[in-house]
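Residue numbers (my numbering), protein chains in the order written: chain A, 3 to 354; chain B, 45 to 134.
Below, the structure is given as structure tokens:
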């Protein structure tokens with residue numbers, strides 16, 4: 003039994019069974035044994051090399067990203083108490099804050115010399131931000147991919163826990179960590195480049211040896227020279243729509259943005275507006291003040307003071323929750339063109 | 045989205061509770077808000093302090109729009125003692 007792998011598992015409040023977004027602010031709590039997907043993790047361990055989930059850390063998605071230091075202190079305390087051979091975090095799929103939380107927990111494990119593995123969608127903020135410091139298995143966007151994700155996480159996790167070094171990311175099936183190692187090639191660089199070029203010309207498959215990061219860099223736009231002559235546009239990804247949601251905006255994976263008139267409007271009332279966002283708790287927006295995701299009253303005040311010349315008569319609204327990069331790019335491009343044609347000087351974009 | 049708007053030459057200030065996300069994907073001007081559920085204010089404060097906090101965040105965003113940047117840059121609203129104390133008390 004002593005050779006069995008002891009695992010500490012990290013889950014968010016949702017997968018930990020505590021609750022949904024209204025529980026996203028809970029600090030870390032420790033449960034003995036497996037919880038939720040931890041049962042699959044334990045079953046996978048037992049079907050393979052043997053092992054068990056010693057304990058589960060459950061933390062709210064907002065808490066861990068907003069109170070990183072306090073949250074990770076508790077995580078490290080749990081690591082010291084349970085002394086696991088391996089930390090497994092998630093999988094987080096396309097949930098951005100959960101993905102970030104998983105990455106932070108994996109990095110905390112590294113400070114104690116404990117190997118870790120997580121899993122998430124390749125576009126998850128967790129890997130985009132921390133991929134150089136974590137080992138992450140790419141997963142589906144949705145939780146329906148739990149089983150294959152967990153199988154792969156266990157496979158790689160066990161190897162890490164037993165001191166095995168992983169091979170190249172593309173061969174092993176994890177997200178590239180940006181590590182380059184020296185390898186021997188049969189053919190010289192010139193020969194390989196030539197053969198790659200020939201494949202490309204012939205329309206055949208080929209794999210580049212240099213993986214370019216997926217994010218395009220855009221040169222920052224020049225600043226506004228004189229803000230007192232500028233018209234400012236308001237954009238939000240907070241899922242803000244007129245009460246009743248006339249355009250049927252969705253709570254997640256939105257494909258469209260909508261424009262709503264705010265000409266002559268000084269404030270946003272909960273009687274007339276609501277957020278349909280399903281990626282965070284909208285209680286404050288929908289019972290107190292929608293302007294937490296669209297600061298219209300403040301911008302009107304600034305306009306009255308003459309600090310800015312005016313406000314674009316519509317605000318542009320989408321739901322930023324699991325939106326694929328290509329969709330976000332298309333929406334941004336359409337919004338950009340519209341605002342350019344309208345001579346807008348600058349944009350305040352509230353991202354939730 | 046912000047980067048595509050910036051491609052048109054219009055500066056964008058991204059107001060967010062989690063600056064690490066837009067900064068990681070290369071947004072140019074990122075302003076730290078309060079929390080995901082209430083980016084531009086804090087319902088735990090009195091209406092007066094809540095509004096002052098919101099004003100600070102939006103002022104910081106306007107300042108960001110008027111600032112020359114060469115790479116993804118984080119802007120943090122200045123702290124106001126009265127707001128900090130009230131926030132600690134709740």
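All residues carry an ideal CB built from backbone N, CA and C; glycine is no exception.
- Cβ neighbours of residue 100 of chain A within its own chain (closer than 7 Å, five residues either side excluded): 14, 63, 92 and 94.
- Closest in alpha carbon position to residue 279 of chain A, among A:289, A:273, A:255 and A:270, is A:255.
- Where residue 104 of chain A is concerned, the enclosing alpha helix (DSSP H) starts and stops at 98-113.
- Taking the beta carbon of residue 120 of chain B as reference, no residue of chain A falls within 7 Å; the closest one sits roughly 14 Å away.
- DSSP, read as helix, strand or coil, puts residue 261 of chain A in strand.
- Fewer than three beta-carbon pairs drawn from the region 168-175 of chain A and the region 117-129 of chain A are found closer than 8 Å, and the two stretches are therefore not classed as touching.
- The beta-carbon of residue 323 of chain A is placed no less than 8 Å from the nearest beta-carbon of chain B.
- It is roughly 29 Å from the alpha-carbon of residue 303 of chain A to the alpha-carbon of residue 251 of chain A.
- When the Cα atoms are used, residue 107 of chain B and residue 16 of chain A turn out to be separated by approximately 38 Å.
- Going by DSSP, residue 34 of chain A is part of the beta strand (DSSP E) stretching over 31-34.
- Restricting attention to alpha helix (DSSP H) runs no shorter than 4 residues, the region 49-117 of chain B encloses them at 64-68 and 91-109, ordered along the chain.
- Annotation for residue 119 of chain A: the continuous beta strand (DSSP E) segment containing it runs 118-122.
- In chain order, 45, 47 and 48 make up the part of chain B whose C-beta sits under 9 Å from the C-beta of residue 331 of chain A.
- Comparing alpha carbon positions, the residue from A:207, A:204, A:212 and A:199 closest to residue 183 of chain A is A:212.
- The shortest CA-to-CA distance from residue 290 of chain A to any of B:103, B:119, B:122 and B:81 is the one to B:81.
- When CB distances to chain B are screened at a threshold of 9 Å, the residues of the region 117-137 of chain A falling below it are 127, 130, 131 and 132, in chain order.
- When DSSP assignments are scanned along the region 169-220 of chain A, the uninterrupted stretches of alpha helix (DSSP H) that are 4 or more residues long and fall wholly within it turn out to be 171-174 and 191-204.
- Residue 102 of chain B sits close to residue 297 of chain A, with the two beta carbons spaced by under 8 Å.
- Going by C-alpha positions, residue 116 of chain B is about 8 Å away from residue 66 of chain B.
- Taking a C-beta cut-off of 9 Å against chain A, the contacting residues of the region 59-70 of chain B are 59, 60, 61, 62, 64, 65, 66, 67, 68, 69 and 70, listed in chain order.
- Residue-level contact check: residue 128 of chain B does not touch chain A, since none of the beta carbons of chain A fall below 8 Å from its beta carbon.
- For residue 8 of chain A, the enclosing beta strand (DSSP E) has its first and last residue at 7-14.
- With 16 or more other Cβ atoms inside 10 Å of its own Cβ, residue 83 of chain B counts as buried.
- Of the candidates A:24, A:265 and A:88, the residue whose Cα lies closest to the Cα of residue 12 of chain A is A:88.
- Inclusion of residue 119 of chain A and residue 148 of chain A in the CB contact set at 8 Å is not warranted, their separation being larger than that value.
- Distance check between residue 340 of chain A and each of A:264, A:285 and A:260 places A:260 closest, using alpha-carbon atoms only.
- In the structure shown, residue 318 of chain A adopts extended strand secondary structure according to DSSP, grouped into three states.
- For a Cβ distance threshold of 9 Å, nothing in chain A lies close to residue 124 of chain B: the least Cβ distance comes to about 15 Å.
- Among the residues facing chain B, residue 301 of chain A is included, as its CB has a counterpart in that chain under 8 Å away.
- Taking 8 Å as the CB threshold, residue 294 of chain A lines the interface with chain B.
- Among the bridge pairs identified by DSSP, residue 57 of chain A is matched with A:10 and A:34.
- Taking residue 142 of chain A as the centre and dropping the five residues before and after it, the same chain places no C-beta closer than 6 Å to its C-beta.
- For residue 138 of chain A, the uninterrupted beta strand (DSSP E) run begins and ends at 138-140, by DSSP.
- In this structure, residue 240 of chain A lies near residue 295 of chain A, with their beta-carbon atoms less than 8 Å apart.
- Sequence-ordered contacts of the region 94-110 of chain B with chain A read 98, 99, 102, 105, 106, 109 and 110 [C-beta pairs closer than 7 Å].
- Annotation: Cβ neighbours of residue 79 of chain B in chain A (cutoff 7 Å, chain order): 64 and 68.
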